[in-house]
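Chains G and R supply the protein sequences, listed in that same order.
For what it's worth, this note's numbering labels the leading residue of the first sequence as 4, then goes sequentially.
For what it's worth, this note's numbering labels the leading residue of the second sequence as 4, then goes sequentially.
Have a look at the structure below, then the notes.
Number of protein chains: 2
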Amino acid sequence: MNSLGEKIRTIRESKSLLLRQVAAYLEIDTALISKIERGERRLTREQVIKLAKFYNVTEEELLTLWLSDKLLDTIENDPFAMQGLNKAKTILKTLL
Amino acid sequence: MNSLGEKIRTIRESKSLLLRQVAAYLEIDTALISKIERGERRLTREQVIKLAKFYNVTEEELLTLWLSDKLLDTIENDPFAMQGLNKAKTILKTLL
DNA sequence: TTACATTTGACACCTATTGACAAATCAAAC
DNA sequence: GTTTGATTTGTCAATAGGTGTCAAATGTAA
């Protein structure tokens, strides 16, 4: 699952920015942002926040996708993925 | 968050089993199962399955708690935790 | 071709996880 | 109150995973 990668590629292309330019802004290698957009690697939380500024979208929009990707990575193809998600949600509610 | 640890401690105590006995069954050090029950460490997926057999409960019951703990670890105290969970759930539904 | 953008693969470095082991603490029985 | 066994704590080793670089390969358009 790579919702964030697809999203940031779409945004970058809509702004006609090069990987090189985004990489420079994030101060990472161009190869890395390429891998990130294709889902081979993940951004750090701080990089997501930086990108939100750069692309002028809300942190919430990108961080929500970033978290969702991480969660889906965690439960991969587990047959009890949905039960685990529901249980986590129930517990999280009690913590808020 | 340590739902599984609390659950397996409760089950173990209800059966009057010693940490030593559970550790022997799982073929790990007693200190490790102690830490696991108190949430300092995590079981591997295979160990959860073994424990379900040993304790005669369903794999689903323990694996759901195990996944939930992992998910809650992943999102920690993120302000967008709930949004991320909801997005992950939405995406997971489309995959089933 | 040439020039530039992107992708791929290999590797280094750092952090997190899983485990063992030894020592410390706790709890009951004696 | 000492002894015995259970549990916990702290430290270290081995391994796995994540983040990054670099060089080479591939794609693309003039």
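Even for Gly, the Cβ is constructed at its ideal location relative to N, Cα and C.
Cβ-Cβ separation, residue j to residue i (assumed contact under 8 Å), whole Å
i: residue 3 (chain R); j: residue 49 (chain R); result: With chain R covering 4 to 99 only, the question about residue 3 (chain R) has no answer from this structure.
i: residue 8 (chain R); j: residue 40 (chain R); result: 5 Å
i: residue 88 (chain G); j: residue 88 (chain R); result: 6 Å
Where residue i sits in the DSSP three-state scheme
i: residue 42 (chain G); result: coil
i: residue 89 (chain R); result: helix
i: residue 97 (chain R); result: helix
i: residue 64 (chain R); result: helix
i: residue 76 (chain R); result: helix
i: residue 9 (chain R); result: helix
i: residue 31 (chain R); result: coil
Alpha helix (DSSP H) segment containing residue i, residue limits
i: residue 54 (chain G); result: 48-58
i: residue 21 (chain R); result: That residue, residue 21 (chain R), is in no alpha helix (DSSP H); it is neither H nor E in DSSP.
Checklist line | Members of the stretch 47-59 of chain G that neighbour chain R once the beta carbon cut-off is set at 7 Å | finding: none
Note to self: Tell me which residues of the stretch 7-24 of chain G have at least one Cβ-Cβ distance to chain R shorter than 9 Å, keeping chain order.
What the structure shows: none
Next item on the list: Give, in chain order, every residue of the stretch 61-73 of chain R whose Cβ lies closer than 9 Å to some Cβ of chain G.
Entry: 62, 63, 66, 67, 68, 69, 70, 71, 72, 73
Next item on the list: Check whether the stretch 9-24 of chain R touches the stretch 58-75 of chain R, taking contact to mean three or more Cβ pairs, one atom from each stretch, closer than 8 Å.
Entry: yes
Next item on the list: Using a Cβ-Cβ cut-off of less than 7 Å, give me the residues of the stretch 74-94 of chain R that come near chain G, in sequence order.
Entry: 74, 75, 77, 78, 81, 83, 84, 85, 86, 87, 88, 90, 91, 92, 94
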